[in-house]
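Numbering (full-length UniProt numbering), first residue to last: 1 to 225.
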Amino acid sequence: MSAPHQGREPHGPGGPGDRLALQGSLFDQGEDIGLGTLAGVRRTVLGDGAWIDLLPGWLTGADALFERLAEEVPWRAERRRMYDDTVAVPRLLAFYDADDLLPHPVLEEARTSLSRHYAPELGEPFATAGLCLYRDGRDSVAWHGDRIGRGSREDTMVAIVSVGAPRDLLLRPRGGGSSIRRPLGHGDLVVMGGSCQRTWEHAIPKTARAAGPRISIQFRPRGVR
Ligand SMILES: O=C(O)CCC(=O)C(=O)O
Ligand SMILES: [Fe+2]
Numbered sequence: 001m002s003a004p005h006q007g008r009e010p011h012g013p014g015g016p017g018d019r020l021a022l023q024g025s026l027f028d029q030g031e032d033i034g035l036g037t038l039a040g041v042r043r044t045v046l047g048d049g050a051w052i053d054l055l056p057g058w059l060t061g062a063d064a065l066f067e068r069l070a071e072e073v074p075w076r077a078e079r080r081r082m083y084d085d086t087v088a089v090p091r092l093l094a095f096y097d098a099d100d101l102l103p104h105p106v107l108e109e110a111r112t113s114l115s116r117h118y119a120p121e122l123g124e125p126f127a128t129a130g131l132c133l134y135r136d137g138r139d140s141v142a143w144h145g146d147r148i149g150r151g152s153r154e155d156t157m158v159a160i161v162s163v164g165a166p167r168d169l170l171l172r173p174r175g176g177g178s179s180i181r182r183p184l185g186h187g188d189l190v191v192m193g194g195s196c197q198r199t200w201e202h203a204i205p206k207t208a209r210a211a212g213p214r215i216s217i218q219f220r221p222r223g224v225r
């Protein structure tokens, strides 16, 4: 008799259990999961109509939220076509459409306050939430702009909250030029705005340094991917 469920990882092959060592938080044990004010956001103008806003530690209790999301989100391991082959996408993914319930109430709260704060500039609310789980330094996202949809033609915004261990976000002008680097984790907020998705590119490069797992939550307006 076979027992198909015995000994299986809770998330199946390729799930976080494979490479992810969940660790008790040393940073904010016991701290409530919540949001600070957006008043302290600082803007860096990148040029070519692009900018980024940064607010370190916007979310408190970030390591507790990391652990909840790592365990409870239905993470998917995806494969992408590459020439005649398919290759594993080097991170785990989840996507919540505008009408889906987000996996933690603080993320609903985050989306609402981002929508309110950026309404005068953005003119529409943040709608969808994409989640990425970088299990360790081998997980990454290659240079790209979020150009599926309107981001390739219009100014828009992508707001990213990071929990877990910091990883470097790199940005560089699409036409070439030196890159800038911002380490993001532990509740940090970054917002890429203006022409950032068309005139600049961003990446989370692989790292040989010991890197703990990180989850990013990307809020985007409808029709932007
Ligand atoms: O993980 C991040 O902070 C960036 C993710 C990203 O660029 C994307 O999913 O489009
Ligand atoms: Fe992106």
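Note that beta-carbon positions come from the ideal geometry of N, C-alpha and C, so glycine has one too.
Taking 8 Å as the limit between beta carbons, can you name the residues of its chain near residue i, skipping five residues before and five after?
i: R222; result: A98, E124, A127 and T128
i: G57; result: G36, H186, G187 and D188
i: A52; result: Inspection of the sequence shows that residue 52 is occupied by Ile rather than by Ala. The residues are R43, T44, L46, L171, R182, V190, V191, M192, G193 and C196.
Give me the Cβ distance between residue i and residue j, rounded to the nearest whole Å; I'm assuming they're in contact under 8 Å.
i: A110; j: V191; result: About 12 Å; that fails the 8 Å criterion.
i: L93; j: R76; result: 5 Å
Between residue i and the rest of its own chain, which residues show a CB-CB distance below 6 Å, the 5 nearest in sequence each way excluded?
i: A64; result: I33
i: S25; result: Bear in mind that a pLDDT of 48 at S25, under 50, signals an unreliable position, so the number given afterwards is only what the model happens to contain. Closer than 6 Å at the Cβ level, and outside the excluded window around S25, lie D63.
i: C196; result: A50
i: P183; result: P166 and D168
Report the three-state DSSP secondary structure of residue i (helix, strand or coil).
i: F219; result: strand
i: A64; result: helix
i: G175; result: coil
i: A210; result: coil
i: residue 226; result: This structure cannot speak to residue 226, because the chain is shown only from 1 to 225.
i: S25; result: In this predicted model, S25 has a pLDDT of only 48, less than 50, meaning its place in the structure is not dependable; the value taken from the coordinates is given anyway. Reduced to three states, the DSSP call for S25 is coil.
i: R225; result: coil
i: E31; result: coil
So, is the C-beta of residue i closer than 8 Å to a C-beta in chain C?
i: V141; result: Checking the listed chains, one finds no chain C in this structure; it contains a single protein chain.
Under 7 Å: does the beta carbon of residue i sit that close to some heavy atom of ligand 2?
i: H186; result: no
i: H117; result: no
i: D53; result: no
Suppose contacts are defined by Cβ-Cβ distances below 8 Å. Is residue i in contact with residue j by that definition?
i: A165; j: G194; result: no
i: R220; j: W200; result: no
i: L38; j: V163; result: no
i: V89; j: G149; result: no
Going by beta carbon distance, what residues of the same chain come within less than 7 Å of residue i, once the five residues before and after it are set aside?
i: R80; result: T86, V87 and V89
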